[in-house]
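What follows is a set of notes on a single structure, which appears directly below.
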Amino acid sequence: MSNSRDATCTGGIVTCEGKPVQSAIILSEGLGNSSGVLIMQEGKQYYIAKTTPDVKEIITHLNDLIPKLITAFTSIASGMTGPTTAPPPSLATDLAALTAVNVQLTALKSMLK
Amino acid sequence: MFTLVSWWKMRINCDHGYYSFFPEKREDLALFLELFSIELVFNRDHYTYSLLKDLPKYVISPTPYGGFLTTKCFEGTPQEIMKEFDLVYDISKGILVPTQSITYSGRIKTIQRNWISETAMIQAGTIIGTGRIVNFDGIFDFDLRKTVLRYWNE
């Protein structure tokens, strides 16, 4: 038998019914704040975070990243019509946009629920 | 022929201080409640004390569980939780107490291969010899005003 209750995780501490459950084993990364479920089975407690917000955020970043990559490569490709090796004028802007997305993904990695 | 168990009887089960009463007839229950001036509530297939019926099947510490402040989280039936925290129902106080806090001493007599309690109601945790009676199952005999035990252990 087991029993499950709504719970939250803040700063790596699982809280259920207003009380911290120090003994809870967090089955996900547990780095970011989350809501989820505390499953109790005899003397053991497991916390399962709702991780779909992480997935949604990753997809959002990918949605943001891919058009930027397309834009950057299109600009590069447009200049590859002759012997010139000069980068397209928009390259610096495109790289900055890609770097910004990379920063967001790095930040997300350190805050996975 | 002498018989230990009268017509008026009721099965009592005690699982680590959780009391379950199984009257065969309504009259038995009514007589029992009147005899001990107690109230019992129906819980699935048995009668028990209202506090025991309402005990949750989990505890998130620190939380009072039946009046006792628990020190860790645990999930299970009330009997399993009481066993984990070594608690028994105190009949006189109406709350859960540590087994070790029961200071009553009693005796179990052996008559015709039956174990018979010295008192009408057996308090779980009662000291019997060098041990304590924590689990038992028996028949309360209204004539004897005693419980004839089928088994008992610590």
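As they're listed, the protein sequences go chains A and B. The first sequence begins at 6 in this note's numbering and counts up by one. The second sequence begins at 40 in this note's numbering and counts up by one. The C-beta atom is built at its ideal place from N, Cα and C for all residues, glycine as well.
- Counting C-beta pairs with one atom in each stretch, the stretch 131-143 of chain B and the stretch 158-167 of chain B have three or more that are closer than 8 angstroms, which means they touch.
- Annotated three-state conformation of Glu-123 of chain B is helix, per DSSP.
- In the three-state reduction of the DSSP assignment, Pro-72 of chain A falls in the helix class.
- What Gly-17 of chain A touches in chain B, judged by beta-carbon distance under 9 angstroms, is nothing: the nearest beta carbon there is about 17 angstroms away.
- Here the C-alpha atom of Ser-100 of chain B lies approximately 16 angstroms from the C-alpha atom of Thr-116 of chain B.
- With respect to Met-121 of chain B, Tyr-57 of chain B sits close: the two C-beta atoms are nearer than 7 angstroms.
- For Asp-84 of chain B, there is no enclosing beta strand (DSSP E), as DSSP gives it neither H nor E.
- Where Leu-117 of chain A is concerned, there is no enclosing beta strand (DSSP E), because DSSP gives it neither an H nor an E.
- Within the stretch 20-35 of chain A, the residues whose Cβ lies closer than 7 angstroms to some Cβ of chain B are Cys-21, Glu-22, Lys-24, Val-26 and Ser-28, listed in chain order.
- In the DSSP assignment, Arg-65 of chain B falls within the unbroken alpha helix (DSSP H) covering 65-75.
- The three-state reading of DSSP puts Leu-90 of chain B in helix, counting H, G and I together.
- In this structure, DSSP gives Asn-8 of chain A an extended state, which the three-state scheme calls strand.
- Interface annotation, Gly-41 of chain A: not in contact with chain B, CB-CB separation never under 7 angstroms.
- In the DSSP assignment, Trp-47 of chain B falls outside any beta strand (DSSP E) and carries neither an H nor an E.
- Residues are counted here when their Cβ sits less than 7 angstroms from a Cβ of chain B; for the stretch 38-63 of chain A these are Met-45, Gln-46, Glu-47, Gly-48 and Gln-50, given in chain order.
- For Leu-74 of chain B, the closest alpha carbon among the candidates B:Asp-182, B:Thr-110, B:Val-187 and B:Arg-83 is that of B:Asp-182.
- In the three-state scheme derived from DSSP, where H, G and I count as helix and E and B as strand, Val-60 of chain A is classed as helix.
- When C-beta distances to chain A are compared with 9 angstroms, the residues of the stretch 105-116 of chain B below that value are Lys-111, Cys-112, Phe-113, Glu-114, Gly-115 and Thr-116, in chain order.
- Inclusion of Glu-114 of chain B and Gln-46 of chain A in the CB contact set at 7 angstroms is warranted, their separation being smaller than that value.
- Neighbours of Lys-96 of chain B across chain A, judged by C-beta separation under 7 angstroms: Asn-8.
- Approximately 15 angstroms separates the beta-carbon atoms of Pro-72 of chain A and Ile-81 of chain A; this is outside 8 angstroms, ruling out the contact.
- Contact of Ile-120 of chain B with chain A is not assigned, every C-beta pair being separated by 7 angstroms or more.
- The three-state reading of DSSP puts Asp-182 of chain B in coil, since its state is none of H, G, I, E or B.
- Here Asp-67 of chain B is buried. Its C-beta has 16 or more other C-beta atoms within 10 Å.
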